[in-house]
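Contents: one structure, followed by commentary.
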Amino acid sequence: MKLLLAYLSTCWFRKNPAELTPPVSFMWKNVAFYLISGFIVEGLIADPVEGPLEVMGRITMAFSSIAALLLYEKKWPYFSRLYTSIFVCENFIMTLAVCVEALYFWMVMNHHPYYEEISTGLGIFLVVWYVTIVAYIFRRFFNQSISVSLIFAFSYFVLTYGMPMMLMDM
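The numbering used here puts the sequence shown at residues 1 to 170.
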């Protein structure tokens, strides 16, 4: 629990994720949670066949993007530390996204007049927060400028979410 809280503190930009070393069991539990939460979210918004395929595409793109970045930066030994840092924060944001989905459903069922605006605003906030967290993690691991870290984080977001979504729409 202490290690999880240390990783979650990176979501509030308080802990340097490059200083954390996760045990193997923690890393794989994190990946399992990523898959399960992804299946839940996609199950709520996508086709039963497309959802799991998109989640598998996202995890493939996530691992590939992280590996490519680490090879480019010549820091391959940091692979498990970097993906764990990103996935813990992504799992946290995904959990909040499930809550936003539940809130959306509740607001629709109760005929709230601004259900679309509220849920869209919360969704945009979560995406911006997520990209900012990933930029922070990249900045800590690679000692890059804020602008370069933001470009890498936005590219990572587009690759891990945009590419699988685009491929599923073909």
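No residue lacks a Cβ here, since even glycine has one placed at the ideal position from N, Cα and C.
Check: For Ile59, which residues from the same chain have a beta carbon less than 7 Å from its beta carbon, with the 5 sequence-adjacent residues on both sides left out?
Finding: Around Ile59, the same chain offers Tyr34, Leu35 as residues with beta carbons nearer than 7 Å, after the five sequence neighbours per side are excluded.
Item checked: Three-state secondary structure (DSSP) of Arg14 -> Coil at Arg14, not helix or strand.
Check: Where does Leu20 fall in DSSP's three states?
Finding: In the three-state scheme derived from DSSP, where H, G and I count as helix and E and B as strand, Leu20 is classed as coil.
Checklist line | Integer-rounded CB distance, given that Leu8 should sit under 8 Å from Phe92 | finding: Yes, they are in contact, since the Cβ atoms of Phe92 and Leu8 sit about 6 Å apart, within 8 Å.
Note to self: Between Asn143 and Val88, how many whole angstroms is the CB-CB distance? I'm expecting something under 8 Å.
What the structure shows: Wrong, their Cβ atoms sit about 21 Å apart, outside the cutoff.
Note to self: Considering only the alpha carbon of each residue, which of Glu117, Met61, Ser37 lies closest to Leu167?
What the structure shows: For Leu167, the nearest C-alpha among the options comes from Met61.
Check: Going by the CB atoms, is the gap between Ser149 and Ala135 shorter than 8 Å?
Finding: In this structure, the beta-carbon distance from Ala135 to Ser149 falls below 8 Å.
Notebook entry, point to check: Going straight from the alpha carbon of Phe152 to that of Thr95, what length do you get?
Noted result: Approximately 24 Å between the Cα atoms of the pair.
Notebook entry, point to check: Do Ser65 and Thr160 have their CB atoms nearer than 8 Å?
Noted result: Thr160 sits close to Ser65, with the two beta carbons spaced by under 8 Å.
Note to self: Measuring only the C-alpha atoms, how far is Trp106 from Tyr130?
What the structure shows: Each residue's Cα considered, the two are about 24 Å apart.
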